[in-house]
Structure formats: structure tokens, C-alpha cells
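Asks: Line by line, the protein sequences give chains U and A.
Under our numbering, the letters of the first sequence match residues 1 to 251, in that order.
Under our numbering, the letters of the second sequence match residues 1 to 396, in that order.
Supplied in C-alpha cells, the structure appears directly below.
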Amino acid sequence: MEVLVLLKKVPDTGIPLKVAADGTDIDRTGITYVMSPYDEYALEAALRLKEGGKITGLSVLTLGDAGADEILRTALAKGADRAFRIHAENFELLDGWATARAIHAWLKDQSFSLILAGKEAVDDASSQVPFYLATLLDWPAVSYAVDLDVDGDRAVVERETDRGEEKLALPLPAVVAFDRAKYEPRLPNLRGIMQAKRKPIETVSVEIPEPTVKRTGLEMPPPREAGRVTTNDFPQNVEELIQFLEEKGLI
Amino acid sequence: MKTSLAHALEGEEHRILRETVRRFVEEKVRPVAAEMDEEDRFPRELFGEMASLGLTGLMVPEAYGGFGEDLLATVIAFEEIGRASPALALSLLAHTILGALPIVRYGTAEQKEKYLPRLTSGEWIGGTAYTEPNAGSDAAAIQTRAEKVEGGFRLYGSKVFITNGSEARLLVVYAKTDPEAGHRGITAFLVEVPAEGFSVSKNFEKMGMRGSPTSALYFDGVFVPEENVLGTMNRGFYQVMHGFNVERLTIVAISVGILREVLEWMLEHASVRKQYGRPIGAFQLIQEKIARTFVDLELARTYLYLAAREYRPDEDWRLPAATIKIFAAEQATRRALDGIQVLGGYGYTREYPLERLLRDAKLMEIGAGTTEMMIRVIARTLLRSWGLSDEDLEGS
């Protein structure tokens, strides 16, 4: 059984961002990119299935320019078998529907039984691509997975909800989108990095649809107001806090 | 804008490797770095973790569980570890570059099969024993001797300042096998310890690099079987001199790591700390320290990466290794002092790592060849190329 994990290259979450001069994108000069963190959990789940002998092949796919090859190489270094990149310039400007249709154009000739992804990419947080894909493929889909197992022709997904844990079974083929999983994603080890150098990355050309949704403006959130520190002792400080919350209409 | 030209010398695999090491260091090394220093504690448990990532196999061929001989990858890994804990980087250097690499270079197939997997897996700690109480810079003056006995040799003598000395299970020990022949009479031996006749001093109390144990070793008739001669009889001096090049470039990586860490603390403090109503980064005397630290870091790092990338074991690499070692070692010490100055009272406390980095940085001016010896290497190489003979240079 072949599994495909969808990966997206996103700006490093640890670095400060600025809005670009034209106001429709972030300023991308000097930015470093990483694999979107929820995608890392999806990949980790797939690697565990592979190590457990539950799947025969693990492929990864991204849509982007040549700069996105590095996250594919990282995935290969962690243990993925094959990597594909659908070539697209300015992929940051595509919406979820255009991205899903581009992926589907390639995917319909492939033979994967399970597609994994992060529940959202941490850059635009649109949470669309896995579900548009499931729709285009007419496959069942589940989101917010924290664990995954394969049992014959079913995927067994664990989800965490506000009311507790939930276990779902869905027939394969299926799409599963990951939240922060029960386990931490591994680091690629040096042996894996060496081996990844010898694994090919296939570049795929498909027609990239025009986005239907266009971003027209981007603004930084307003700076957070400084907090107020009380200098009173107990119990006056509690009274002050209650008064403060009442003034704000919060209690 | 490119914030570092050095990155232009890296390949994709180096960036992935750096990210792996960086995340490992943030998660596992940084939290224990201060405690290692305070308690002078060797973090044996981290060797297992470094082994699972493959860091104990740097410079070891893939066939023996290593990452292959990629010196640029090696210096990048040491730089990342050196940022958080120069002491851990030093012990890893003794393990891989001084313990395993000589076996890679000079070992027989049997020696490689037997020892390299144990070192790369982190099961055994490795190290090397060359320096003696009366033989430091004058490396040919060692007095430890190996006497030929049936089936092998017996070692007599003592070694000093041996990194990992008290933790190692395998040591590359150099001893005289032809005492009349000077530097042409030294041979390397692979010595498994503990062994009868072998003893270790208490670890030295050091100024810095605490947590990386340093000790004296005593050999009183330690038996080494014939098959544990490493390399060619009486060629040990040449082997150790050749190994110095990689050792020096790797130790430079630790200095570069310190420079990076110092710069980041300066930037952090200069942007957060306010005096006279402004961040202190607005003041030109602070700006000067930041700018000069960046210049030193950039020059050291770019030269190091270039030297590491272009390194060929069959070429004479003494000049570039000595050149960058002088610069990086001295500037790391100097900029660590500047870092303390930028942080002011905070920098002087043990709440911040700068005073530890300063103490650690000083070692790089001494270990793997002192700055004075680097000067000698450079000057003599240049003067020889200008026609001066060994006779002309005698005594220098």
C-alpha cells in the first residue's frame, strides 16, 4: 500500500515577519523556510506506519518552486522513499482550490491508497487543500488526527476533541489531516541525510489553475497594549482586579 | 540581503544537517550546558543521543556507520554544538576526530571492523593520548616508550591533558618504538582501557571547558597486542601531524560557534536594554562592538567553510589550518570579552552564558597547537617558499 504525504514550505515560524511594500504579501527577502509543522506530524505518522510494516511505500509531494526541494530532501532524509514536486512559481499566491486542482491533475494517474497532510499550513492557515482533494477524488476525509493506524482496508484515526478522544474508522482510499500528533516528529539523522542525496526528486509539470480567491491586502496586527501591574497587596489587589474586569465589561 | 556569505558554500545536505543539529542542541544540549560547567559533569547520556543522530560518525565512512568524510558537514555540526556547549563539542572532537579518524585513515580492515562501530554507536568513548608533561609543542620529545615483547608491546610512561581521558574505552596512544630516531621513532597504538598497568589521574580542575574531562594517564607496562599497532611502525609522528589539520579546522568551528553565540547575545541585549530612553544599540560604542564581532565571525566562518570544503587529505593543509586557527581562536576570546561588556553587569554574572563562553574560548588558543606554534608554522612555511633552508630556520 502506497502512502502520499503532502508537504508545504512555509516561512520559519521563529522569525519576525514584515508586510511587503505592495501590501499584498509578506516581505520575503532574507526569509528562511521550513516544512509546515502540522505536515511534519503527518510525515511522522507515515514513517511510523512504514516502520511498522503497515505500508509498502512512502512518497512525499509539494507544490512550489525549486526552493521547495529542500523540505522534500528533509523528508527523504527522515525515511520517505520518493519525492515529487509539482512545479509552480509564486505558489504562495495560489488559493486552496487552485492548489488542490493542480495536485489532483497529477494525482489521478497515481495509485496511492492514503493521503496524509497537516490540518493547515501555518502560513495562510486556510485548511482547504486536503479536503478539496478528497472532494475531487471522492474519498472520505478526516481532520485533527493525532494518531493513525492501518487495519486491512481501513484507516483507524484517533482524534482529540474537547470532550475527549475519539476513534474513527474510514475505508481506504482516504485523506487524513493531522493536528499536533501524540508523538514528536523525528530529526533526520546523518545516515538518512547521506541516503537522501541519492534519492531522486521528480519534478512534475501540470497546468496550474488561476486562483479564484485573491489576497488584496495584508496588515500587521496592532501592537499589544502594555499590561497593568497592581502594586496593592492582598486583598486590595483582588478588589482592584474585579473592578478592572467589571469596567471592561468582562464579568 | 545575505546575512552570511558563508552559507553560499553549503549544499542542501549541509542545511538539513545544520537544522538537525540545531534542533538537537536547543532541545538537549542548551538546557544542560550551564550545569555541565558548574558541576564539571561529563554528559555521558548525550553521546547515545548524538550517536542516534549520527554525530559520533562524522568523518567515518558510511560502511562503518558514519556520515562519510565530509569536513564541511563536520565543522557545521561542531559550530552548532559549540554555540551552546563548547565543552561538549570538545569531547565529541576527541571522540571522533582524535579517536575514530586515525583508525579510518590508518587502521587495518580488522581494526576498523572491530572499533569503528563501537565508537560511532557511542557504546565506547574514544580519545587520543599524545601530549606529555615534557612534550607539548615540541611533539617529537615524547618519552612514553613501547617495549617489544612476545605477541606485542608493553607501554611505559605518562600522558597529560588528555581530553576524555577518564571516560575513554579506546585510546590512540603514541609511544617511542625507536628512541634513538627522534620523531622518526614514534608509533601509534590502539589501547583498550581499563587494562592492567593503566591508571588515570583525577580530572584536572580547569578554567573552562568544564564537563569535558581532562586527565593524566599512566602506563606501567600496559600490554598491547601486535595487531593493535595503528598504521606504520615509526610513522606515528607523521600520522599525528597529518591529523592536526582536521583537528585544527574542527576546533576553529567551536570558536566560530562561540562568536555566533556572542553576537546573538549582543544583538538581543542591545535591542532590549534601554538607557537614556533608547535601546543601547543606538549608541555607537555598542554598535562598534556588534559590528566588529560580526566582521570577525563572517571572516572566520567563510574561511573555515572554504578550507573545510576544499580540504584534501593528500595535500599539505597546514598553512590554511594554522591561519584560521590563530584568527578564530584569538577573536573568539576577544569578542567574548566584548560580549560581557555589552551586557554590562548582566554579562558578568553566571545568569548569562557569556562568562562561560569566555572561559571556554581561551582553550582554543592553546589546544591543538598553541597560537605561538601556529605563528611558527605560518612563518616557516612562507620563508621556506622564499628560499630559506631548514638550516637557516634552525632554532626557530
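By construction, the Cβ of each residue, glycine as well, lies at the ideal position given by its N, Cα and C atoms.
Residues in its own chain within less than 7 Å of L267(A) by CB, not counting five upstream and five downstream?
Replies: If we look at L267(A) and ignore the five residues flanking it on each side, its Cβ neighbours are I290.
Asks: So, A26(U) versus I15(U), is the Cβ gap smaller than 8 Å?
Replies: Rather than Ala, the amino acid found at residue 26(U) in this sequence is Ile. The answer is no: Cβ separation not under 8 Å.
Asks: Have a look at K325(A) and L72(A) and give me their C-alpha separation to the nearest angstrom.
Replies: In a straight line, the C-alpha of K325(A) is about 16 Å away from that of L72(A).
Asks: Kindly say whether S52(A), judged by its beta-carbon, lies nearer than 8 Å to any beta-carbon of chain U.
Replies: Yes, S52(A) lies at the interface with chain U (some Cβ there is under 8 Å from its Cβ).
Asks: Three or more beta-carbon pairs under 8 Å between the segment 215-233 of chain A and the segment 290-307 of chain A, yes or no?
Replies: The segment 215-233 of chain A, when compared against the segment 290-307 of chain A, does not touch it at the 8 Å Cβ threshold.
Asks: Put S271(A) into one of helix, strand or coil per three-state DSSP.
Replies: It is helical.
Asks: For E310(A), which of D70(A), Q331(A), T144(A) has the nearest alpha-carbon?
Replies: Here the closest residue by C-alpha is D70(A).
Asks: Taking 8 Å as the cut-off, decide whether the C-beta atoms of I71(U) and T62(U) are in contact.
Replies: Closer than 8 Å, so yes.
Asks: Taking P130(U) and V175(U) to be in contact with their CB atoms under 8 Å, please state how far apart those CB atoms are, rounded to whole angstroms.
Replies: With a Cβ gap of about 5 Å, P130(U) and V175(U) count as contacting.
Asks: Tell me, please, whether the segment 196-207 of chain A touches the segment 144-151 of chain A by the rule of three or more beta-carbon pairs shorter than 8 Å.
Replies: No: the two stretches stay apart, fewer than three of their Cβ pairs being nearer than 8 Å.
Asks: Can you tell which of L218(U), L250(U), A145(U) has the C-alpha that lies nearest to the C-alpha of D22(U)?
Replies: Ranking the options by Cα distance to D22(U), first place goes to L218(U).
Asks: May I ask you to verify whether the segment 354-371 of chain A touches the segment 81-88 of chain A, counting CB pairs closer than 8 Å and requiring at least 3?
Replies: Yes, since at least three Cβ pairs between the segment 354-371 of chain A and the segment 81-88 of chain A fall closer than 8 Å, the two stretches touch.
Asks: Enumerated in chain order, which unbroken segments of the beta strand (DSSP E) with a length of 3 residues or greater are wholly contained in the segment 5-93 of chain U?
Replies: Runs of the beta strand (DSSP E) inside the segment 5-93 of chain U: 9-11, 33-35, 57-64, 82-87.
Asks: Does L55(A) have its Cβ less than 8 Å from a Cβ in chain U?
Replies: For L55(A), the answer is yes, since a Cβ of chain U falls inside 8 Å of its Cβ.
Asks: Quick one: is I16(A) near chain U, going by C-beta distance under 8 Å?
Replies: By this cut-off, I16(A) is an interface position.
Asks: Is it the case that the segment 187-196 of chain U contacts the segment 53-70 of chain A, given that we only count it when at least three CB pairs across the two stretches are under 8 Å?
Replies: Result yes; three or more Cβ-Cβ pairs closer than 8 Å.
Asks: Grab me the residues of A322(A)'s own chain with a C-beta within less than 6 Å of its C-beta, minus the 5 sequence neighbours each way, in chain order.
Replies: Cβ within range, chain order: M374, V377, I378.
Asks: Nearest chain A C-beta to N189(U) closer than 8 Å, yes or no?
Replies: N189(U) counts as touching chain A.
Asks: Bridge partners of Y174(A), per DSSP?
Replies: Bridge partners of Y174(A): A188(A).
Asks: So what does DSSP say about E167(U), is it helix, strand or coil?
Replies: The identity of residue 167(U) in the sequence shown is Lys, whereas the question assumes Glu. DSSP places K167(U) in strand when its eight states are reduced to three.
Asks: May I ask you to list, following chain order, the residues of the segment 69-96 of chain U that have a beta carbon less than 8 Å from some beta carbon of chain A?
Replies: Listed in sequence order: D69, E70, R73, T74, A77.
Asks: Measuring only between beta-carbons, confirm whether F24(A) sits less than 8 Å from chain U.
Replies: At least one chain U Cβ lies under 8 Å of F24(A).
Asks: Look at the alpha carbon of L148(U) and the alpha carbon of L250(U), and state the distance between them as a whole number of angstroms.
Replies: Answer to the nearest angstrom: the Cα atoms are 41 Å apart.
Asks: I'd like to know if F47(A) contacts chain U, where contact means its C-beta is closer than 8 Å to some C-beta of that chain.
Replies: Judged by the 8 Å Cβ criterion, F47(A) is not in contact with chain U.
Asks: Can you grab the Cα-Cα spacing for the pair E2(U) / G79(U), in whole Å?
Replies: One C-alpha to the other measures close to 14 Å.
Asks: What residue range does the alpha helix (DSSP H) around F131(U) cover?
Replies: Segment 129-137, the alpha helix (DSSP H) holding F131(U).
Asks: Should G53(U) be flagged as near chain A, meaning a C-beta pair shorter than 8 Å?
Replies: By this cut-off, G53(U) is not an interface position.
Asks: A368(A) and F244(A) look like a contact to me (Cβ under 8 Å); what is the Cβ gap, rounded to whole Å?
Replies: Yes, A368(A) and F244(A) are in contact; Cβ-Cβ is about 7 Å, under 8 Å.
Asks: Name the chain U residues that come within less than 8 Å of E62(A), Cβ to Cβ?
Replies: Within 8 Å Cβ-Cβ: R191, M194.
Asks: A188(A) and Q239(A) look like a contact to me (Cβ under 8 Å); what is the Cβ gap, rounded to whole Å?
Replies: Yes, A188(A) and Q239(A) are in contact; Cβ-Cβ is about 6 Å, under 8 Å.
Asks: Less than 8 Å between CB atoms is the rule here; does K9(U) satisfy it with respect to chain A?
Replies: Chain A contact via Cβ: absent.
Asks: Given that a residue counts as buried once 16 or more other Cβ atoms are within 10 Å of its Cβ, and exposed if not, what is Y348(A)?
Replies: Answer is exposed; the Cβ neighbour count stays below 16.
Asks: So the candidates are P223(U), R228(U), L76(U); which of them puts its Cα closest to the Cα of L245(U)?
Replies: Of the listed residues, the one whose Cα sits closest to L245(U) is R228(U).
Asks: Which chain C residues are close to K197(U), counting only those with a beta carbon under 7 Å from its beta carbon?
Replies: Although the question refers to chain C, the structure presented lacks it and instead comprises the protein chains U and A.
Asks: Would you identify the three-state DSSP class for I162(A), choosing helix, strand or coil?
Replies: Looking at I162(A) - three-state DSSP - the assignment turns out to be strand.
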